[in-house]
Every structure is written in C-alpha cells, then in structure tokens.
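Protein chains in written order, with numbering that gives the first Met the number 0: chain G, 0 to 207; chain A, 0 to 207; chain R, 0 to 233; chain Y, 0 to 233.
Heads up, the beta-carbon is just placed ideally off N, CA and C, and yes, glycines get one too.
What follows is one structure encoded as structure tokens, with my remarks underneath.
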Amino acid sequence: MAWDRNQMAARAAQELEDGMYVNLGIGIPTLVANYVGDKDITLQSENGMLGMGPFPIEGDEDADLINAGKQTITELDRTAYFDSAESFAMIRGGKIAAAILGAMEVAENGDLANWMIPGKLVKGMGGAMDLVAGVGRVIVVMDHANKHGESKLLKECTLPLTGKGVVDRIITNFGVLDVVEGGLKIVEVADGVTEDELRAATEATIVN
Amino acid sequence: MAWDRNQMAARAAQELEDGMYVNLGIGIPTLVANYVGDKDITLQSENGMLGMGPFPIEGDEDADLINAGKQTITELDRTAYFDSAESFAMIRGGKIAAAILGAMEVAENGDLANWMIPGKLVKGMGGAMDLVAGVGRVIVVMDHANKHGESKLLKECTLPLTGKGVVDRIITNFGVLDVVEGGLKIVEVADGVTEDELRAATEATIVN
Amino acid sequence: MQKVFANATEALDGLLEDGMLIAAGGFGLCGIPELLLDAIKAAGTKDLTFASNNAGVDDFGIGILLQTKQVKKMMSSYVGENAEFMRQYLSGELELEFNPQGTLAERMRAGGAGIPGFYTQTGVGTVIAEGKDVKSWNGKDYILEEGIFADLSIVKAWKADETGNAIFRKTARNFNVPAAKCGKVCVLEVEEIVPTGSLDPDAIHLPGIYVNRIIQGDHEKRIEQRTTRPREEA
Amino acid sequence: MQKVFANATEALDGLLEDGMLIAAGGFGLCGIPELLLDAIKAAGTKDLTFASNNAGVDDFGIGILLQTKQVKKMMSSYVGENAEFMRQYLSGELELEFNPQGTLAERMRAGGAGIPGFYTQTGVGTVIAEGKDVKSWNGKDYILEEGIFADLSIVKAWKADETGNAIFRKTARNFNVPAAKCGKVCVLEVEEIVPTGSLDPDAIHLPGIYVNRIIQGDHEKRIEQRTTRPREEA
Numbered sequence: 000m001a002w003d004r005n006q007m008a009a010r011a012a013q014e015l016e017d018g019m020y021v022n023l024g025i026g027i028p029t030l031v032a033n034y035v036g037d038k039d040i041t042l043q044s045e046n047g048m049l050g051m052g053p054f055p056i057e058g059d060e061d062a063d064l065i066n067a068g069k070q071t072i073t074e075l076d077r078t079a080y081f082d083s084a085e086s087f088a089m090i091r092g093g094k095i096a097a098a099i100l101g102a103m104e105v106a107e108n109g110d111l112a113n114w115m116i117p118g119k120l121v122k123g124m125g126g127a128m129d130l131v132a133g134v135g136r137v138i139v140v141m142d143h144a145n146k147h148g149e150s151k152l153l154k155e156c157t158l159p160l161t162g163k164g165v166v167d168r169i170i171t172n173f174g175v176l177d178v179v180e181g182g183l184k185i186v187e188v189a190d191g192v193t194e195d196e197l198r199a200a201t202e203a204t205i206v207n
Numbered sequence: 000m001a002w003d004r005n006q007m008a009a010r011a012a013q014e015l016e017d018g019m020y021v022n023l024g025i026g027i028p029t030l031v032a033n034y035v036g037d038k039d040i041t042l043q044s045e046n047g048m049l050g051m052g053p054f055p056i057e058g059d060e061d062a063d064l065i066n067a068g069k070q071t072i073t074e075l076d077r078t079a080y081f082d083s084a085e086s087f088a089m090i091r092g093g094k095i096a097a098a099i100l101g102a103m104e105v106a107e108n109g110d111l112a113n114w115m116i117p118g119k120l121v122k123g124m125g126g127a128m129d130l131v132a133g134v135g136r137v138i139v140v141m142d143h144a145n146k147h148g149e150s151k152l153l154k155e156c157t158l159p160l161t162g163k164g165v166v167d168r169i170i171t172n173f174g175v176l177d178v179v180e181g182g183l184k185i186v187e188v189a190d191g192v193t194e195d196e197l198r199a200a201t202e203a204t205i206v207n
Numbered sequence: 000m001q002k003v004f005a006n007a008t009e010a011l012d013g014l015l016e017d018g019m020l021i022a023a024g025g026f027g028l029c030g031i032p033e034l035l036l037d038a039i040k041a042a043g044t045k046d047l048t049f050a051s052n053n054a055g056v057d058d059f060g061i062g063i064l065l066q067t068k069q070v071k072k073m074m075s076s077y078v079g080e081n082a083e084f085m086r087q088y089l090s091g092e093l094e095l096e097f098n099p100q101g102t103l104a105e106r107m108r109a110g111g112a113g114i115p116g117f118y119t120q121t122g123v124g125t126v127i128a129e130g131k132d133v134k135s136w137n138g139k140d141y142i143l144e145e146g147i148f149a150d151l152s153i154v155k156a157w158k159a160d161e162t163g164n165a166i167f168r169k170t171a172r173n174f175n176v177p178a179a180k181c182g183k184v185c186v187l188e189v190e191e192i193v194p195t196g197s198l199d200p201d202a203i204h205l206p207g208i209y210v211n212r213i214i215q216g217d218h219e220k221r222i223e224q225r226t227t228r229p230r231e232e233a
Numbered sequence: 000m001q002k003v004f005a006n007a008t009e010a011l012d013g014l015l016e017d018g019m020l021i022a023a024g025g026f027g028l029c030g031i032p033e034l035l036l037d038a039i040k041a042a043g044t045k046d047l048t049f050a051s052n053n054a055g056v057d058d059f060g061i062g063i064l065l066q067t068k069q070v071k072k073m074m075s076s077y078v079g080e081n082a083e084f085m086r087q088y089l090s091g092e093l094e095l096e097f098n099p100q101g102t103l104a105e106r107m108r109a110g111g112a113g114i115p116g117f118y119t120q121t122g123v124g125t126v127i128a129e130g131k132d133v134k135s136w137n138g139k140d141y142i143l144e145e146g147i148f149a150d151l152s153i154v155k156a157w158k159a160d161e162t163g164n165a166i167f168r169k170t171a172r173n174f175n176v177p178a179a180k181c182g183k184v185c186v187l188e189v190e191e192i193v194p195t196g197s198l199d200p201d202a203i204h205l206p207g208i209y210v211n212r213i214i215q216g217d218h219e220k221r222i223e224q225r226t227t228r229p230r231e232e233a
C-alpha cells in the first residue's frame, strides 16, 4: 500500500516535459533522474553546471566535477559550466522550469520548511531559498507523515521557512496534491490508498 | 608656445605607472598610448576587452574586433575578451586604475561635463558616466580654452554633468592642475607658458 | 526539444507583437543580430521599444527599422551615428531614454538574474539621477536603477550547438550576453550551428538554457570605422 | 609588473591583518585555495571573517583555521560537514551569518562590480529577511542585500598566465570567480602558470585585472563524496 520512494520519484518524473531545465534536490528527488525516460530533460546543478550526467564509472572520479551534494558526477555532450553567481542568476531569473525538492513541512498556503530544526544542529539553507524563490514551478516530494506518524502537510508550518507561498505541487507516498486558493486539492491518490485515508492523514485543509 | 596635442598626450602618459589597467577616451587621450614607452600598461576597451593593441595592418581588419570608438584594432598576447556587463562591472568596481578622458568643461570642484550640449545634436553619454564614477583616478586632457578663447576650467560647469566631483587632474595645453580643497592647484606649467598666463587663462579658482 | 529553425522569419513566428520591448545585442555594428532585424522589418511589427546600446546606422542595424518607422522608443547609451534617428527624435516621433552604457548592461544583466533593482554610483549628480531613489553607503550616494525585463531578446553569436550553448568571437560578445538573458524568449542567430558536444563545456559564454530558438545564416558584419596601419610598419 | 610569486607565504606577505574580511572561493572541498589556507594557518592571523560558501571539513579547507581558532566569523550558506565548526558555534566562540547560496554569490559579484545593494526575492518571508529593507515591484516584495567588499580574496584556478588571466576546470569554477572580484587584493593559486599568450583570449574566465598575485603549486584536491557506478554498467 502507498507509494515507495521509487514510485514517488517515478510519479515526480511525470511532471517533467520535453525541453525543461530542472534542478533536483537531494534524497528522493535525486532518484527522479532515473525515471525521465526518453524526455529531453537538462539537469542543473547549482554549484555551476547544466547537463549533469550520472555518477562516474569506478576509477573515473574527478575532484573538479561534483554536484551540489558534493558527489562525484559526469558531464554530457550538452554540458556547460559556469560560476556560482551565474548559476544563481539563472535560478533567480526564472530560467529553471522546475525544482523537485524534499521538505520537512509544507503548509496549505504553499509555505515550505526544509532547512532548519531549531535546537538541532544547523547546517544552512544552501541554495534552497534561491531555488524556491526563483524557479518556475516548485514540486515537493516527501513522505506524507513524519516518523511519529504526524502529517507533514500542515495548516501552518511550525519550522523556520525556506520560502513563503512557494510550493506548487506536493507528491507524497499517499498521492499528489496541488496548492490552490484556500488549501490543498487532491490531484491523484496513490495505489492502495483511498481518498479517505489521504484526507485522514492530512492536517492541511483539503478543498475540492 | 604651450603644448600641442602630442605633448599633452606625452604628459598624460607620465601619469601612468607600471602594472596599471587604463581606459583611454577618444581624441587626444587615444594618443597617450603612443607615449607609454616601456611601461607595462594594459588598455581596457569598455566594449569588452583588456589588452587592446594598435590598429591592424591594412587588410587584416576584423569586424569582430573593434574598440569603444568603433575602430578596428588588434589583440595582444595578454588580451581577454568579456561581455559588456562584465566590462562595466570591472569599471564600476574600481578595478581600472585610471581613465584619461577629454572634456568640454571642468569645474574647480571636480565636476566634469563632456557628453552633451543642450540644443545641439545629442549623441549620448556612452560609457563616460560609468568611467568617471568607477575608475580609481580621472585625468582630463583638453585644451585650456574653447574656440572662443574662453576658459574651459570653470567655477561651475554650465553644461549637463557627466559626473560630480570626479576629476582628479587636468592636463591642458597650458599645464597640469589638480582638483584640491577650494579649487585647482597648479602642478606644472607648460613649456613656453608662464604661471601668470596660466592663471589669466583660467576662470576657476586657483589655490596655492 | 527542437531549438533549430530554418530561418529568421520562422524563428520569430508567433513571438512578435506590436508595442513589445526587445533587447538587442551588439555594440555599434559589431555583433548585431542582422538576420533577425531584417526579419522584423519584413514582419512590419510596430511601436517597438528597443533596449540596445546603439541604434545602428541609417541602412544597417536597428537603423533599418527606424526608416520603416517601426520603432517607438530607444533605450540606449549612444546613438550618434544615425541621421534618421536624429530627425525622428528632434521631430518628436521617437522617444529616447538615455542610459549610461554600464548601467544599461547591468540593467539587462539584472533583469536576466531576477534582480528588479540595484544601486550604482554612475550618474549621481547628473540628469540620469533625476527622479530616482537615492541611498547612501559610507557617506556616498547611490541611485536605484531597475532591471530590464524584455519580451524578446534577439542576439548574435559566432557558434552554437543544437541545445543553444553559444560562443562569441572577440569584441562581438559585448551586449549579446546580457541582452540574451533578460528576455522572456531569446532568439539567437549564429554563423555556424555545430553538433552538440563539439564546444568545450568550460568555454561556453551563453549556456543553452537562455536560448529558445536558433538560426544559422550568412552575416555581412559591416565595419563602421576601418582604421589601419600601413603594411610597411609591420 | 611582476604578479608571479614563489609560494603562498610570499604571495600573502604584507596582506594579512588580524580581523580582516577574506572572500574565499570553492564549493565544498572543490576548487578551494588549499595552499593559501595553509599559509594563513602558518601565519597565525587571528579574528578572521570568511565569506565562503562552506567551511571545509575538520582537517581540510577552512576547517584547518577553525582548529587553530583563527576564525571569528563565517558568512556561508552551508556548514554541515564540520564537527569542530558546530562545537565552536554552539559554544559561542564562532559567529555565523547564514546567506542563501545565490545571495552570497551575488553579494560577492555585486561587491566586485561596485554595487553596494541589490533587491532579491530570495529569503522573503523567512528569517533571512529580518531587519532588511523591503521594496515592491509589481506587487511582489523584494529584500535589499548588500555587496560584499572584502579586504582580501583567495581563490584557486586551474591555469593562469603571467598577467593573471585565469581559467577554471569544470565545477571547480564555482565561487572562485565572484570571490576573486570582491576583494581589494586578490591572490590566486593555480595548478599551472602558462606563458602569457597561451590561453585563448575568448575563453578567459577571470581576466587578469582581478588578480594581483599568483602562485603555482601541487594540490591535493580531496574528494568529499566519492560516488560511482560499477564498471560493468559502462
């Protein structure tokens, strides 16, 4: 019942269209690259690269070629490199069609929290605030509930925000929801989940 | 008596020191390049080039290689090309040590007017406003008087300004003057000119 | 995603609209989008505003659109080479907004980078500062200039691959890079489209993400001021 | 004008001062100025503020200056890989100013470009916006961020010529370009100094005007996360 990580990633990949330039966050969003199939998608890595390729073959790692998660990667025939100011110029300037990101909390008004838990070790927001402020469409992929079984789709975020009113679509193990006027709207229910189960698992207002 | 154009250019060249990056305006300032001698000077052309070389040999003109005056030029072994935003980033950012520019009027407080005569055809300021606002040192090279014999070194500019309080040094056919607290200070008198002649030809306040 | 089009007219199909703001690359006649300007002339689009450093000469560059009276307004830094421009400007037919050259370049760059405003010392105390917000840092005044967000960018590069990664040659780069970035849609003309993978990924001047449509064609590349040394000096 | 120095210690001679602001290039451990950081450690300069996207790991990158307690404050976007950093931060020994990554890069770029402030949507409605000026365009709020004007830039490139024209390799370019531009003085370390004239003038990433001193040396280039596919997939 419900989608697993790979099914969530596969569902997120359906959001992508031919010709899009896309930024994928770490975690489940990274898996989305495995499901784009024949679509002509160009991945941006915000440390300064368009056209990110897969991990290198063992032994071919290059210290000068990493992604924003600091992992060794490879280039493609379409790759272009640039500096960090240019990289975020294109992000802030709206040239990236979509970002697919993880989240700790999403609120029914589209607020997103995914960078900080007060009282815990603080690592920093990295490029997340720039991405959610700049890209064309923000798609969140995350588990519907936290490890205590509580909804991560809330009336209001409790954690410090990454961005205000920035989320367009949420893909969870329970289904797909859009942020609309007044709350969240169910777009799709995951295999093995009923709409009632999805509603029951969601704190945020669900509108029809 | 007094300096001619080439002597003024030669005098201006003495302002330049080894290692400087310099922008030369059109007219007499362009001639300064002929007098830098052994000094290691790198010329910037604000349309997107560091390391501007001389005019090309006849037949070697390249439509893709011009200076800010739209003249065909050449490159050197140290040349780097960049776009206009980058070019003015380095100008505005104070990376250019000095600009040597022509002027219609300079005021004793360092105000400069060199782009527009109201009622005449208006061509535009080009990069002059950016240069005078951004470079380390602004050196004006111009005739001491206009064609009516009136001083171009004024108490106040009458023409629309290119920049306010931006001029550091003025080199004319009559000599060299610095903009200091309270007015202009005579640094040097041209060959064949007396200090009294220079003072008499100058409307601006001269301080000691 | 097919970005390569057969010619300038096809590349501009559906993109032109009367009254639109177009950002154009080029400095003087160097690196100007000749083919796209010709196609705009042929399309007859009217009331155009151009953000472009220069306005071309009477029969080349944006000048050809002045002759057909397709231009309502220029945002430029220097327009001195164009008699028809002056005639229309002095008769009130043409609006003109002067921008310091670096401010114009930065305004385009800012628009492309999602920056609606920035402060600069350029123009403080001059007519350029009139009506603009002022803010001080360390006792110096700076004026607020706004990003340019164009409806369309038309630019010219030397070579591009099929994904739009482009490189420029020498000083023909100039305003083409910032102009390309500040448009909602960018059409690029090049001297040569090369197979994807044949450009050095470390040497791309304009990444393909900024380029929506590409055409290849022959360019006149007119020289405005032919200055030379005699051969015997060499 | 001699820009080439024998080693990092000589290149930094006369430039280091307690309490100064240093802009450093690099992303994670990729493209960091290893040799200059070692020399700053050896020099023992104190109370440093670093504008740097990351803080290195415990024994590499800026981390080595945290161990010697030479750092007073970090201006960074992500510092998660460093236990000593967290210890000092939580004990109040170290100040930390978080910047969104793109804002940090743009603040460096702005400082280098003589722009003391610019507006951005990044961080609006978050803790980052607290205390910052707000201005609206088209009904959207933007916050004012300030240019970074560093006392010193330390950066690492792949190759440079003797005049400082530099090129970077792949994603090691990252913050090195904006960091280089925002310092009063910039010291560059490279893997190889090449004769002036041997780099393609169309392919320079950092023109020599931004570089005051250059050194060449061997680099460890440590990999932080070695991720691979098995060879049989190829």
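Assign residue i to one of three DSSP states: helix, strand, or coil.
{"i": "Lys2 of chain R", "result": "coil"}
{"i": "Ala84 of chain A", "result": "helix"}
{"i": "Ala54 of chain R", "result": "coil"}
{"i": "Phe59 of chain Y", "result": "strand"}
{"i": "Gly58 of chain G", "result": "coil"}
{"i": "Gly116 of chain Y", "result": "strand"}
{"i": "Met51 of chain G", "result": "strand"}
{"i": "Ile39 of chain Y", "result": "helix"}
{"i": "Leu23 of chain G", "result": "strand"}
{"i": "Val131 of chain G", "result": "helix"}
{"i": "Met19 of chain R", "result": "coil"}
{"i": "Asp12 of chain Y", "result": "coil"}
Quick check: is any heavy atom of the ligand FMN less than 8 Å from the C-beta of residue i?
{"i": "Asn66 of chain G", "result": "Ligands are entirely absent from the displayed structure, and the ligand FMN is therefore not among its contents."}
Checking contacts by CB at 9 Å: is residue i closer than that to chain G?
{"i": "Gly216 of chain R", "result": "no"}
{"i": "Phe59 of chain Y", "result": "no"}
{"i": "Arg212 of chain Y", "result": "no"}
If the cut is a Cβ gap below 7 Å, which residues of chain G does residue i touch?
{"i": "Met74 of chain Y", "result": "Under the 7 Å cutoff, chain G gives no residues; its nearest Cβ is about 11 Å from Met74 of chain Y."}
Closer than 9 Å, CB to CB, is residue i near chain R or not?
{"i": "Gln70 of chain A", "result": "yes"}
{"i": "Pro55 of chain A", "result": "yes"}
Could you list which residues in chain G have their beta carbon closer than 8 Å to that of residue i, in chain order?
{"i": "Lys169 of chain Y", "result": "Met48, Asp61, Asp63, Leu64, Glu74, Tyr80"}
{"i": "Asp201 of chain R", "result": "Tyr80"}
What does residue i touch in chain G if you count any residue whose Cβ is under 9 Å from its own?
{"i": "Pro194 of chain Y", "result": "Chain G residues near Pro194 of chain Y: none, gap ~23 Å exceeds 9 Å."}
Please identify the residue among the options whose C-alpha is closest to the C-alpha of residue i.
{"i": "Gln87 of chain R", "options": "R:Ile114, R:Thr67, R:Lys40, R:Asn175", "result": "R:Thr67"}
{"i": "Leu15 of chain Y", "options": "Y:Asp140, Y:Lys2, Y:Leu35", "result": "Y:Leu35"}
{"i": "Glu107 of chain G", "options": "G:Ala199, G:Gly118, G:Ile169, G:Tyr20", "result": "G:Ile169"}
{"i": "Arg91 of chain A", "options": "Y:Cys185, Y:Cys181, Y:Leu198", "result": "Y:Cys181"}
{"i": "Ala156 of chain R", "options": "R:Asp201, R:Asp57, R:Thr170, R:Lys40", "result": "R:Thr170"}
{"i": "Ala11 of chain G", "options": "G:Gly162, G:Ala32, G:Ile95, G:Asn66", "result": "G:Ala32"}
{"i": "Gln224 of chain Y", "options": "Y:Leu65, Y:Ile192, Y:Phe26, Y:Ile213", "result": "Y:Phe26"}
In chain Y, what lies closer than 7 Å to residue i by C-beta?
{"i": "Thr157 of chain G", "result": "Here the premise fails: no neighbours, minimum Cβ distance about 14 Å."}
Taking CB distances under 9 Å as the criterion, tell me whether residue i reaches chain A.
{"i": "Lys223 of chain R", "result": "Sequence inspection shows Glu at residue 223 of chain R; the Lys mentioned does not correspond to that position. For Glu223 of chain R, the answer is yes, since a Cβ of chain A falls inside 9 Å of its Cβ."}
{"i": "Glu80 of chain R", "result": "yes"}
If you measure from the beta carbon of residue i to each beta carbon in chain Y, is any gap under 9 Å?
{"i": "Ser150 of chain G", "result": "no"}
{"i": "Thr41 of chain A", "result": "yes"}
{"i": "Asp17 of chain A", "result": "yes"}
So which residues on chain R does residue i lean against when the C-beta distance must stay under 8 Å?
{"i": "Arg77 of chain G", "result": "Asp160, Thr162, Asn164, Thr195, Gly196, Gly207"}
{"i": "Arg91 of chain G", "result": "Ala112, Gly113, Ile114"}
Can you list the residues of chain A that residue i reaches, using a CB-CB cut of under 9 Å?
{"i": "Met19 of chain Y", "result": "Simply none; closest approach about 18 Å."}
Give me the chain R residues within the contact set of residue i, using Cβ-Cβ distance strictly less than 9 Å, ordered along the chain.
{"i": "Phe26 of chain Y", "result": "Near Phe26 of chain Y there are no residues of chain R at all, since even the closest Cβ is about 16 Å away, more than 9 Å."}
**Q.** Length at least 4, wholly inside the segment 150–216 of chain Y: the alpha helix (DSSP H) runs in chain order
**A.** You should have 175–180.
Q: Can you check the segment 79–152 of chain R for any beta strand (DSSP E) of at least 3 residues that lies completely inside it and give the ranges in chain order?
A: Within the segment 79–152 of chain R, the complete beta strand (DSSP E) runs of at least 3 residues are 94–97, 116–119, 133–136, 139–145.
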